[in-house]
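Here numbering that gives the first Met the number 0 is used: position 156 in the sequence shown is 155, and no number is missing along the way.
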Amino acid sequence: MGILNATPDSFSGDGIHQDVNLTVSRGIEMLSGGADVLDVGGESSKPPSVYGHVHKVSVDEEIQRIVPVIRALSLETEAVISVDTYKAKVAKAAISAGATMVNDIWGLGRDSEMVHLIAETGVYVVIMHNTKSPKYKDVVKDTVAFLKKRVAFAISAGIDKDKIIVDPGIGFAKGSEQNLQILNRLHEYKTIGVPVMVGTSRKSTIGEILELPIDDRIEGTAATVSVAITRGADMVRVHDVPEMHRISTMTDAIVRRRAQ
């Protein structure tokens, strides 16, 4: 999954904001580089605890940012397009424009209409772990339990289990040690019974360990992507698509050979 930020304040510094043509061109480049899905976001999801003040975006502004990009990509490509939002009105507009997946960083827990929208439209959904009260006895067991409950909730609301993906939410309401635990024990998330997506690209844990700025974390990201795949990740969400596609392809080849 390639990260396509239509924002001026992405934590990774790659936001484009109002230049629709440039955003679409970047998306097409990601597809050429090996992306299977493009995740279009109109509001920065960077944690305030790490990056300070985060500008809140209205529903209308978020729609204005993402809909032209999604519409253009759906007309010009055959890409699977995801919308990165937790707001049902934004998701509805994105789906109308051509999105077939919703990536909800609040796990269908912030907007009560979201689960019904996804059930009615039949699009795919990524349910991510996130919390405003990050207290864990065991971060992996606790987040697995949370995600199992959210998946059950989604299914009970009419969402097809085959359309559900989970994300442990690395970097969201978790410290570096907890993020590393999740990566090391990622196989435990397979007990949920749906595909697992992991997003580690350029995140603060990498910067903290390597003591490197955001734009110099590609090797650290590569290490986390490779480990995630060996631990059972089905999808990785990344900024640097060509490089991570090569990493993923090579790691997949090794993992498949080991499994034979």
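Beta carbons: idealized from backbone N, C-alpha and C, even for Gly.
| Query | Result |
| --- | --- |
| N-terminal and C-terminal residue of the beta strand (DSSP E) that D38 is part of | V36 to G40 |
| Same chain, Cβ closer than 7 angstroms to G106, five either side skipped, listed in chain order | I126, M127, H128, N129 and R149 |
| Residues bridged to D83 [DSSP beta-bridge criterion] | G40 and N102 |
| Residues of its chain near G198, where Cβ-Cβ distance is below 7 angstroms and the 5 sequence neighbours each way are ignored | D166, I169 and R236 |
| Candidates N183, E112, V138 and T142, of which the one nearest I158 by Cα | E112 |
| Coil, strand or helix - N20 by DSSP | helix |
| For I228 and V254, believed in contact at Cβ under 8 angstroms, the rounded distance | 6 angstroms |
| Proximal residues to T84 (C-beta, below 6 angstroms), its chain only, five neighbours per side dropped | A90 |
| T248 classed as buried or exposed, judged by whether at least 16 other C-beta atoms fall within 10 angstroms | exposed |
| Beta-carbon contacts of M0 that lie in its chain and below 6 angstroms, excluding the five residues immediately before and after | V36, D38, M234 and R236 |
| For G219, three-class secondary structure by DSSP | helix |
| Length of the line joining the Cα atoms of S132 and A118 | 28 angstroms |
| CA-to-CA distance, S44 to T6, given in whole angstroms | 10 angstroms |
| Coil, strand or helix - D265 by DSSP | This structure leaves residue 265 out entirely; the chain is present only between 0 and 259. |
| Closest by C-alpha distance to S175, when choosing among S73, G192 and L209 | L209 |
| Contacts around R184, its chain only, beta-carbon distance under 6 angstroms, and the 5 residues preceding and following it disregarded | V139 |
| Beta-carbon proximity of M243 to A221, cut-off 9 angstroms | yes |
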